[in-house]
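Numbering (our numbering), first residue to last: 41 to 360. We put the beta carbon where it would ideally sit given N, CA and C, even for glycine. Data block below; observations after.
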């Protein structure tokens, strides 16, 4: 009888532990809103729609629903998320634009005004060029930029991540570029393909077919390793430029969201990030998935902010 009771208690404890992990936090909604601050169909919306679908199939409560709030370069959605009630029913899809928008004065808050939940994906930038440029390598590009500083037309959304990759490269190498403003990735891609600009950032998903056809050139990827889908594309580090730059997408919650709620959502996204079908879909998009929890994510955000702030001060964009 004693053995039976011990076994029964053990089984009850296991069952209770299983239920607790899915619903321990007191979250007063059956479906939480995940704000994506860009248009439907864009990279961030597509990526988090895959997470939404995956979480819908997990045995967790609440589920999530992606809601797009585009406008003001991602800042309209950020403002909406920042003022939301900190009860776990509102989450925010974020990347380095929160830092760049703060440094260029478009918003008065950044990662410090949210609670970090989980860092999830990484999409490395590629140094892309129009197919008709005369350079054949990063060394050729560097020589041209050093010989005629500020003359190479480079597409970017001013003060955004698409410009900061180039600003960081300038800081490391001494190259100087001439920036041409574009609202988004699609417009920059069109300008590159037409030859209206000479340089612009690419990623594997958006640029692969054009690089393979020769319509666009690529001189290096700002990643730790060569991309699986473009194994002949060297990293910038291989070529002597110590620059890693990827769009790092993650989840944050409004300031003062309780710790148990943060822990709950962090675990939910960890489960989703390990799903085989999700990983397959992300791989097809040239996006790496690596879950980092709240503390590690906060450390990453602090270091990334410091790196961006240094460059923003140097070019006169930001003053402490």
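One or two residues paired with residue i in a DSSP bridge
{"i": "residue 159", "result": "290, 332"}
{"i": "residue 164", "result": "286"}
{"i": "residue 131", "result": "74"}
{"i": "residue 240", "result": "168"}
{"i": "residue 256", "result": "170"}
{"i": "residue 124", "result": "Beta-bridge pairing links residue 124 to no other residue."}
{"i": "residue 275", "result": "261"}
{"i": "residue 196", "result": "221"}
Residue i to residue j span [Cα, whole Å]
{"i": "residue 185", "j": "residue 119", "result": "39 Å"}
{"i": "residue 173", "j": "residue 254", "result": "11 Å"}
{"i": "residue 305", "j": "residue 86", "result": "20 Å"}
{"i": "residue 229", "j": "residue 81", "result": "16 Å"}
{"i": "residue 309", "j": "residue 331", "result": "8 Å"}
{"i": "residue 281", "j": "residue 208", "result": "10 Å"}
{"i": "residue 71", "j": "residue 95", "result": "11 Å"}
{"i": "residue 222", "j": "residue 140", "result": "16 Å"}
{"i": "residue 345", "j": "residue 112", "result": "21 Å"}
{"i": "residue 288", "j": "residue 161", "result": "6 Å"}
{"i": "residue 322", "j": "residue 114", "result": "22 Å"}
{"i": "residue 216", "j": "residue 319", "result": "38 Å"}
{"i": "residue 150", "j": "residue 66", "result": "27 Å"}
{"i": "residue 61", "j": "residue 136", "result": "With a pLDDT of 43 at residue 61, under the threshold of 50, the modelled position of this residue cannot be trusted; read the value that follows with caution. Going from the Cα of residue 61 to the Cα of residue 136 covers about 30 Å."}
{"i": "residue 214", "j": "residue 267", "result": "26 Å"}
{"i": "residue 341", "j": "residue 335", "result": "10 Å"}
{"i": "residue 224", "j": "residue 138", "result": "16 Å"}
{"i": "residue 307", "j": "residue 258", "result": "38 Å"}
Supposed contact pair residue j and residue i - C-beta distance, whole angstroms, cut 8 Å
{"i": "residue 240", "j": "residue 194", "result": "7 Å"}
{"i": "residue 92", "j": "residue 104", "result": "5 Å"}
{"i": "residue 262", "j": "residue 102", "result": "Not quite, the Cβ-Cβ distance comes to about 36 Å (not below 8 Å), so this is no contact."}
{"i": "residue 107", "j": "residue 73", "result": "5 Å"}
{"i": "residue 133", "j": "residue 84", "result": "6 Å"}
For residue i, the three-state DSSP class (helix, strand or coil)
{"i": "residue 375", "result": "Residue 375 lies beyond the residue range present for the chain, which begins at 41 and ends at 360; the question has no answer from this structure."}
{"i": "residue 398", "result": "Absent from the model: residue 398. The displayed extent of the chain is 41 to 360, so no value can be given."}
{"i": "residue 337", "result": "helix"}
{"i": "residue 201", "result": "helix"}
{"i": "residue 191", "result": "coil"}
{"i": "residue 154", "result": "strand"}
{"i": "residue 365", "result": "The first residue shown for the chain is 41 and the last is 360, placing residue 365 beyond what the model contains."}
{"i": "residue 143", "result": "helix"}
{"i": "residue 232", "result": "helix"}
{"i": "residue 355", "result": "coil"}
{"i": "residue 138", "result": "helix"}
{"i": "residue 219", "result": "strand"}
{"i": "residue 269", "result": "coil"}
{"i": "residue 214", "result": "coil"}
{"i": "residue 280", "result": "coil"}
Any non-hydrogen atom of the ligand ADP closer than 7 Å to residue i Cβ
{"i": "residue 211", "result": "In the structure on display, the ligand ADP does not appear, and there are no ligands present to speak of."}
* Asked: Whole alpha helix (DSSP H) runs in the region 296-327 with 4 or more residues, listed along the chain?
  -> Correct list: 299-313, 316-324.
* At 3 residues or longer, and completely inside the region 66-115: list those beta strand (DSSP E) runs for me, N to C. => 71-76, 103-108
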